Amino acid sequence: MQYKELSRLIEENTDDFIENTMQCVYENRLSEIEGSERAQKSRRDLEYIINYLAESVYFNKQGLFEDFSIWLKSLFKNIGMEENVFRNTYKCLMKSLEKEFQGPERTYIKNIIKDSMNKALQKEESIDSFIREDNPYQDYAEEYLNLLLDNKKKEASQLITDKALSNMGVDEIYLNIFQPVQKEVGRLWHANKVSVAQEHYISSVTQLVMSQLYPHFLSMGGKKGSVVTTAVGNELHEIGIRMIADLLEVDGYDTIHLGANTPNESIVKTIMNNQTKLLGVSVTLPIHLSELENLITMIKNEKLLKDLKIMVGGYAFNRNPELVNEFEIDEYSRDAKDAVKKANSLTEVVD
Numbered sequence: 001m002q003y004k005e006l007s008r009l010i011e012e013n014t015d016d017f018i019e020n021t022m023q024c025v026y027e028n029r030l031s032e033i034e035g036s037e038r039a040q041k042s043r044r045d046l047e048y049i050i051n052y053l054a055e056s057v058y059f060n061k062q063g064l065f066e067d068f069s070i071w072l073k074s075l076f077k078n079i080g081m082e083e084n085v086f087r088n089t090y091k092c093l094m095k096s097l098e099k100e101f102q103g104p105e106r107t108y109i110k111n112i113i114k115d116s117m118n119k120a121l122q123k124e125e126s127i128d129s130f131i132r133e134d135n136p137y138q139d140y141a142e143e144y145l146n147l148l149l150d151n152k153k154k155e156a157s158q159l160i161t162d163k164a165l166s167n168m169g170v171d172e173i174y175l176n177i178f179q180p181v182q183k184e185v186g187r188l189w190h191a192n193k194v195s196v197a198q199e200h201y202i203s204s205v206t207q208l209v210m211s212q213l214y215p216h217f218l219s220m221g222g223k224k225g226s227v228v229t230t231a232v233g234n235e236l237h238e239i240g241i242r243m244i245a246d247l248l249e250v251d252g253y254d255t256i257h258l259g260a261n262t263p264n265e266s267i268v269k270t271i272m273n274n275q276t277k278l279l280g281v282s283v284t285l286p287i288h289l290s291e292l293e294n295l296i297t298m299i300k301n302e303k304l305l306k307d308l309k310i311m312v313g314g315y316a317f318n319r320n321p322e323l324v325n326e327f328e329i330d331e332y333s334r335d336a337k338d339a340v341k342k343a344n345s346l347t348e349v350v351d
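Here UniProt numbering is used: the first residue of the sequence shown is 1, the next is one more, and so on.
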């Protein structure tokens, strides 16, 4: 079976699958809600589900769609949607795709959707707080988060730049405050305890505070060589890789952080123009894994980059660590602290 071709066909017919599924879900009464916020949200949700299905097929990794389905069912529950809504959505999607495909392809896709639905219905996802008791600066992290939840940007900034900075190193602030707080905000959003607006606000304030810390470490960079960091595709979640870029700067590297939405061609060109020793790539959403594969392929086709080391990380790999074996990379880092350690190992730097 040509999995990548099958994935392409699913993506190409996404709009048709959405419409057919919508007709099934709303039992041919779609015209009654057409144009409403409810209909728009349903279409966005279905597009997201189909994107995950296509990516799962692309890599022939049913676990990708299973993991996403468990996460989605939990989200539906947290926002007050009945379990039957989740079940009916998946059954209607399955019917929609069954009409398009025949033979082994039809059976393969049906089994992925059916198995993932059943596993999600059988499993409850519960995630503990990321601000834990073993964090030596737990109090700072909790206070910082609470200030941001109260929209107290100035006080949160002062907590870091005045109070925390006098007792902690910049790297400790990143690892023990910023990193767990950002993860905790994501957990709270999934639990329907903070809104998307609050999540975005907290991330933007944290990026602002990070920039206020730059004078404390920018002069440290350059001794260990050049590192390029980026997030593939149109990732909106790029604060994690930015933290890693900053910590590598603190550790003595000259980091060139490209962020998200940078075309692969531009990433490769930047690497070639700066005698880069290491590329760090973050993938938050598994639906962008094929874009990572495209980037790696471009790099491997450049003879001048044969010595470049590639390190990946992000939520997509943390949730599905077995995916690391699908890519021609040198290392996987599970968090910011691990990224610095692995970077030093890959570039043969001993502190």
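In this text, a Cβ means the ideal position worked out from N, Cα and C, and glycines have one as well. Note that this is a predicted model, so its numbers are computed, not measured.
Coil, strand or helix - residue i by DSSP
{"i": "Ser-333", "result": "strand"}
{"i": "Ala-260", "result": "coil"}
{"i": "Ser-211", "result": "helix"}
{"i": "Ser-129", "result": "coil"}
{"i": "Val-350", "result": "Any reading at Val-350 needs caution, since the residue's pLDDT is 46, under 50, leaving its predicted position unreliable; the model's value is listed next. Of the three classes helix, strand and coil, the one that applies to Val-350 here is coil, per DSSP."}
{"i": "Val-340", "result": "helix"}
{"i": "Val-170", "result": "helix"}
{"i": "Val-194", "result": "coil"}
{"i": "Ser-36", "result": "coil"}
{"i": "Val-250", "result": "helix"}
{"i": "Val-227", "result": "strand"}
{"i": "Ser-7", "result": "helix"}
Spatial neighbours of residue i in its chain, beta-carbon cut-off 8 Å, leaving aside the 5 residues before and after
{"i": "Glu-19", "result": "none"}
{"i": "Leu-165", "result": "Ile-173, Leu-213, His-216"}
{"i": "Val-350", "result": "Because Val-350 sits at a pLDDT of 46, beneath the cut-off of 50, its placement in the model cannot be relied upon, and the following sentence gives the value as read from the coordinates. Around Val-350: Asn-344."}
{"i": "Gly-35", "result": "none"}
{"i": "Glu-302", "result": "Val-268, Met-272"}
{"i": "Phe-17", "result": "Ile-10, Leu-46, Ile-50, Leu-93, Ser-96, Leu-97, Glu-100"}
{"i": "Leu-285", "result": "Glu-235, His-237, Tyr-315, Ala-316"}
Residue from the options whose Cα sits closest to the Cα of residue i
{"i": "Glu-83", "options": "Lys-123, Tyr-108, Phe-59", "result": "Lys-123"}
{"i": "Val-196", "options": "Tyr-26, Ser-157, Tyr-90, Ile-79", "result": "Ile-79"}
{"i": "Asp-227", "options": "Val-324, Asn-264, Asn-273, Leu-289", "result": "It should be noted that the sequence gives Val, not Asp, for residue 227. When only C-alpha atoms are compared, the closest one is Asn-273."}
{"i": "Gly-313", "options": "Asn-325, Ile-109, Leu-304, Asp-307", "result": "Asn-325"}
{"i": "His-237", "options": "Asp-251, Asn-261, Leu-247, Asp-139", "result": "Asn-261"}
{"i": "Cys-92", "options": "Arg-242, Thr-230, Lys-119, Ser-42", "result": "Ser-42"}
{"i": "Asn-151", "options": "Ser-56, Tyr-201, Glu-184, Asp-162", "result": "Tyr-201"}
{"i": "Ser-141", "options": "Asn-192, Leu-121, Thr-206", "result": "It is worth fixing the name first, because residue 141 is Ala in this sequence and not Ser. Out of Asn-192, Leu-121, Thr-206, Thr-206 has the C-alpha closest to the C-alpha of Ala-141."}
{"i": "Glu-47", "options": "Ser-36, Glu-11, Met-81", "result": "Glu-11"}
{"i": "Lys-73", "options": "Asn-118, Arg-38, Met-94, Val-170", "result": "Asn-118"}
{"i": "Arg-279", "options": "Asp-330, Glu-291, Leu-323", "result": "A small fix is needed here, since residue 279 is Leu in this sequence, not Arg. Cα-wise, what sits closest to Leu-279 is Asp-330."}
{"i": "Arg-132", "options": "Asp-171, Gln-102, Pro-180, Lys-153", "result": "Pro-180"}
{"i": "Val-194", "options": "Glu-37, Leu-75, Glu-5", "result": "Leu-75"}
{"i": "Leu-149", "options": "Glu-322, Ser-204, Met-168, Leu-247", "result": "Ser-204"}
{"i": "Val-170", "options": "Gly-103, Leu-247, Asn-192, Leu-121", "result": "Leu-247"}
{"i": "Ala-120", "options": "Lys-77, Ala-316, Ile-256", "result": "Lys-77"}
Same chain, Cβ closer than 6 Å to residue i, neighbours up to 5 away in sequence not counted
{"i": "Ser-116", "result": "Phe-65, Glu-66, Ser-69"}
{"i": "Glu-199", "result": "Val-185, Trp-189"}
{"i": "Asn-176", "result": "Asn-135, Tyr-137"}
{"i": "Leu-305", "result": "Ile-299"}
{"i": "Gly-259", "result": "Glu-238"}
{"i": "Lys-153", "result": "Val-205"}
Unbroken beta strand (DSSP E) run spanning residue i, endpoints
{"i": "Met-311", "result": "309-313"}
{"i": "Gly-280", "result": "276-282"}
Cβ separation of residue i and residue j, assumed to be a contact under 8 Å, to the nearest whole Å
{"i": "Ser-21", "j": "Ser-129", "result": "The amino acid at residue 21 is misidentified as Ser; the sequence shows Thr. Incorrect: roughly 36 Å between the Cβ atoms, too far for contact."}
{"i": "Tyr-90", "j": "Ile-113", "result": "6 Å"}
{"i": "Asn-234", "j": "Asn-264", "result": "So it is not a contact: roughly 12 Å between Cβ atoms."}
{"i": "Ile-287", "j": "Phe-327", "result": "Ile-287 to Phe-327, Cβ: 16 Å. No contact."}
{"i": "Ile-239", "j": "Thr-229", "result": "Going by Cβ atoms, the distance from Ile-239 to Thr-229 rounds to 12 Å, so no, they are not a contact pair."}
{"i": "Tyr-108", "j": "Tyr-58", "result": "Actually they are not in contact, since the Cβ atoms of Tyr-108 and Tyr-58 sit about 13 Å apart, beyond 8 Å."}
{"i": "residue 412", "j": "Ser-290", "result": "Beyond the ends of the chain as shown, which are 1 and 351, falls residue 412; an answer cannot be given."}
{"i": "Gly-225", "j": "Lys-163", "result": "About 34 Å separates the two Cβ atoms, so there is no contact after all."}
{"i": "Ile-256", "j": "Arg-187", "result": "Actually they are not in contact, since the Cβ atoms of Ile-256 and Arg-187 sit about 31 Å apart, beyond 8 Å."}
Cβ neighbours of residue i in the same chain (closer than 7 Å, five flanking residues each side left out)
{"i": "Asn-13", "result": "Glu-100"}
{"i": "Leu-147", "result": "Glu-155, Ala-156, Leu-159"}
{"i": "Asn-88", "result": "Val-25"}
{"i": "Trp-71", "result": "Glu-125"}
{"i": "Lys-342", "result": "Met-311, Glu-331, Ser-333"}
{"i": "Ile-244", "result": "Thr-229, Gly-280, Ala-336, Ala-339"}
{"i": "Asn-318", "result": "Arg-334"}
Endpoints, alpha helix (DSSP H) assigned at residue i
{"i": "Thr-161", "result": "First-last for Thr-161: undefined, no H or E at that position."}
{"i": "Val-25", "result": "14-25"}
{"i": "Gln-122", "result": "103-122"}
{"i": "Val-85", "result": "83-100"}
{"i": "Glu-238", "result": "Taken as a continuous stretch (DSSP letters only), Glu-238 belongs to no alpha helix (DSSP H), as it is neither H nor E."}
{"i": "Asn-78", "result": "62-78"}
{"i": "Asp-139", "result": "138-149"}
{"i": "Asn-294", "result": "289-300"}
CB contact check: residue i to chain C, cutoff 7 Å
{"i": "Glu-142", "result": "Looking at the structure shown, chain C is missing, and only one protein chain is on hand."}
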